[in-house]
Amino acid sequence: MATPLTAARLVAALKAEGCAVHEVGGWRTHNRNHKGPWGPVHGVMIHHTVTGPGTDVVGLIYHGHSALPGPLATGCITKDGVVHLTGNGRANHAGGGDGDVLDAVIGESYGTYPPATHEHDGSAGAVDGNARFYGWECENKGDGKDPWPSAQYIAIVKATAAICRAHRWGPKSAIGHLEWSDWKVDPRGFDMAGFRRDVADALALRAGLWEGEDPMPQYVNLGAAGGYRLAPGAWDSVEFATEWADETGDHATGGSVFVRGPARFSGSVSLHIDGLPAGAVVQARMSEYEGDQHRADHPIHEIVGTGGGTFAVVPLTKRLPSGRSMRVRLLNQAAGPVTVASAVLTVLVWKET
């Protein structure tokens with residue numbers, strides 16, 4: 001048996017897990033405890049709101065509507081990943097459900113999914129879920145086509161993990177409404193077995209460390225035309241005329257841009273410079289642009305001439321914001337022109353949303 005968390009403990013658990021928390025005014029005393037018991041609690045139930053653009057979704061979950069008074073959940077998790085706390089105690093979210101499912105959740109004794117549910121609100125054998133589950137209402141039209149932004153999905157996992165960690169529950173204490181009541185379909189758009197795997201991954205780390213699964217990076221491999229002349233005294237963007245791989249699609253043919261934000265990238269550009277006198281310097285740096293407008297420069301890497309062919313590998317690592325693109329620029333500080341015999345760029349890019 002688990003005693004429900006106090007409002008203060010719930011807020012602390014959410015913030016420790018790394019959630020952005022908004023406390024809706026009055027939520028700490030806002031509940032339906034006068035209509036039935038609250039606790040003992042045994043799990044967290046996930047819902048979608050079935051709301052579209054223009055809806056005051058947080059207000060709806062807080063106040064409810066004429067047929068179902070609020071709060072309609074412990075909190076509402078919006079598409080921007082904010083956890084809006086709307087109720088502290090019993091809430092009108094779960095309704096009646098299957099006792100076999102509750103027993104499986106209490107024992108965390110099921111496999112990939114809980115046993116099939118055969119009960120719903122109003123049926124003779126239904127169990128009161130509002131007394132036993134915290135509820136997260138998650139902003140989504142619920143039509144199966146409305147996407148779940150990464151920030152929102154990560155917040156749902158973290159908020160669920162926060163409660164499970166505070167109660168020392170495992171991931172099988174988290175279920176979807178469709179696993180509780182046989183006439184519900186929410187949450188639609190992600191699979192609860194996969195969701196529980198993500199909750200398990202979050203619980204396996206210290207609170208606040210899980211940030212979602214890092215997506216596979218995309219590969220970019222470009223080369224400059226061999227033997228181009230680099231005059232002294234001015235910064236010049238390397239034009240990558242050869243494209244061996246451009247999985248991100250950010251490089252225009254013959255252009256200088258190799259990545260566009262929002263993105264993270266890590267890699268290098270290998271340079272071969274001919275005619276750079278011993279001790280003379282060519283500087284290399286990354287530069288950010290918005291369209292054709294130069295906006296920012298990053299630290300300089302100095303390439304010192306060796307008297308014959310000069311070779312250097314310049315690291316390229318950065319997080320690039322939306323609307324910005326990145327180029328490699330060179331500055332020849334020798335007295336006369338040198339030749340960039342080759343420039344080969346290889347980076348891994350993690351595109352962000």
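In full-length UniProt numbering, the protein residues as written are 1 to 353.
Ideal placement from N, C-alpha and C gives every residue a C-beta, glycine not left out.
Discussion item. Classify Ala-193: buried if its beta carbon has 16 or more other beta carbons within 10 angstroms, exposed otherwise.
Written reply: exposed
Practice prompt. Measure how close the beta-carbons of His-34 and Arg-132 come, nearest whole angstrom, since I'm counting them as under 8 angstroms.
Written response: Contact doesn't hold; Cβ gap of about 18 angstroms is too wide.
Item to complete: Please state whether DSSP places Leu-316 in a helix, a strand or coil.
Response: strand
Fill in: Collapsed DSSP secondary structure at Lys-351 in the structure displayed
strand
Worksheet item: Just reading off the alpha helix (DSSP H) that Leu-102 is part of, what are its end residues?
Response: 99-107
Worksheet entry | Alpha carbon of Thr-49 to alpha carbon of Arg-264, nearest angstrom | 33 angstroms
Worksheet entry | Contact set for Gly-275: own chain, Cβ-Cβ below 6 angstroms, skip 5 residues either direction | Val-338, Thr-339
Discussion item. Quick check on the DSSP output: the beta strand (DSSP E) that includes Ala-67 runs from which residue to which?
Written reply: Judged by DSSP secondary structure, Ala-67 falls outside any beta strand (DSSP E); it is assigned neither H nor E.
Worksheet item: Considering only residues of the same chain and omitting the five flanking positions on each side of Leu-102, which have a CB-CB separation below 6 angstroms?
Response: Contacts found: Val-127.
Discussion item. So, for Gly-135: in the same chain, excluding its five sequence neighbours on each side, which residues have a beta-carbon less than 7 angstroms away from its beta-carbon?
Written reply: Met-45, His-47, Ala-73, Thr-74, Ala-91, His-93, Ala-94
Worksheet entry | Own chain residues within Cβ distance below 6 angstroms of Gly-297, not counting five before or after | Reading off the sequence shown, one finds Asp at residue 297, where the question assumed Gly. In the same chain as Asp-297, and ignoring 5 residues on each side of it, the C-beta atoms closer than 6 angstroms to its own belong to Arg-285, Ser-287, in chain order.
Worksheet item: Does the segment 192-212 touch the segment 228-241, meaning 3 or more C-beta pairs lie closer than 8 angstroms?
Response: no
Item to complete: Following the continuous alpha helix (DSSP H) through His-167, name the residue where it begins and the one where it ends.
Response: Element bounds for His-167: 150-167.
Practice prompt. Tell me the start and end of each unbroken alpha helix (DSSP H) in the segment 18-67 that is at least 4 residues and wholly inside, in chain order.
Written response: Listed in chain order, the complete alpha helix (DSSP H) runs (minimum 4 residues) inside the segment 18-67 are 57-63.
Worksheet item: Apart from the five residues on each side of it in sequence, which residues of its chain come closer than 7 angstroms, Cβ to Cβ, to Trp-180?
Response: The beta carbon of Trp-180 lies closer than 7 angstroms to those of Met-45, Ala-94, Gly-97, Asp-98, Val-101, Thr-117, Gly-129 in the same chain, with the five residues before and after it left out.
Item to complete: Could I get the ranges of all uninterrupted beta strand (DSSP E) runs contained in the segment 197-272, with 3 residues as the minimum, in chain order?
Response: 218-223, 228-230, 235-237, 242-246
Worksheet entry | As assigned by DSSP and simplified to three states, the class of Ser-342 | Three-state result, Ser-342: strand.
Worksheet item: Does the distance from the C-beta atom of Val-349 to that of Val-220 stay below 7 angstroms?
Response: yes
Worksheet item: With C-beta atoms as the reference, is Val-105 less than 7 angstroms away from Thr-160?
Response: Cβ atoms of Val-105 and Thr-160: not closer than 7 angstroms.
Worksheet item: Smallest Cα separation from Leu-203: which of Leu-320, Gly-176, Lys-172?
Response: Lys-172
Item to complete: Rank Leu-330, Ile-61, Glu-137, Ile-77 by C-alpha distance to the C-alpha of Val-281 and give the top, closest one.
Response: Of Leu-330, Ile-61, Glu-137, Ile-77, the residue nearest in Cα terms is Leu-330.
Discussion item. Using the three-state DSSP reduction, which class does Arg-132 fall into: helix, strand or coil?
Written reply: coil
Item to complete: Give the DSSP-derived three-state secondary structure of Arg-329 in the structure shown.
Response: Here Arg-329 sits in strand by DSSP.
Item to complete: Please work out which residues of its chain come closer than 7 angstroms, Cβ to Cβ, to Gly-28, disregarding the five sequence neighbours upstream and downstream, and give them in chain order.
Response: Sequence inspection shows Arg at residue 28; the Gly mentioned does not correspond to that position. Ala-7, Asn-88.
Fill in: Proximal residues to Tyr-289 (C-beta, below 8 angstroms), its chain only, five neighbours per side dropped
Val-257, Arg-295, Arg-324, Ser-325, Met-326, Arg-327
Discussion item. Quick check: Leu-222 and Ser-268, are their CB atoms within less than 7 angstroms of each other?
Written reply: no
Worksheet item: Exposed or buried, what is Ile-300 when buried is set at 16 or more other beta-carbons lying within 10 Å of its beta-carbon?
Response: When all chains shown are included, Ile-300 counts as exposed.
Worksheet item: For the candidate residues Met-216, Lys-158, Asp-80, whose alpha-carbon lies nearest to that of Lys-15?
Response: Lys-158
Worksheet item: Nearest to His-22 by CA position, among Gly-309, Ser-109, Pro-277, Cys-76, is which residue?
Response: Cys-76
Item to complete: Could you please give me the residues that DSSP links to Asp-297 through a beta bridge?
Response: Ser-287
Item to complete: Within 10 angstroms of the Cβ of Gln-152, are there 16 or more other Cβ atoms? Answer buried if so, exposed if not.
Response: buried
Worksheet item: CA-CA distance, Gly-125 and Pro-115?
Response: 15 angstroms
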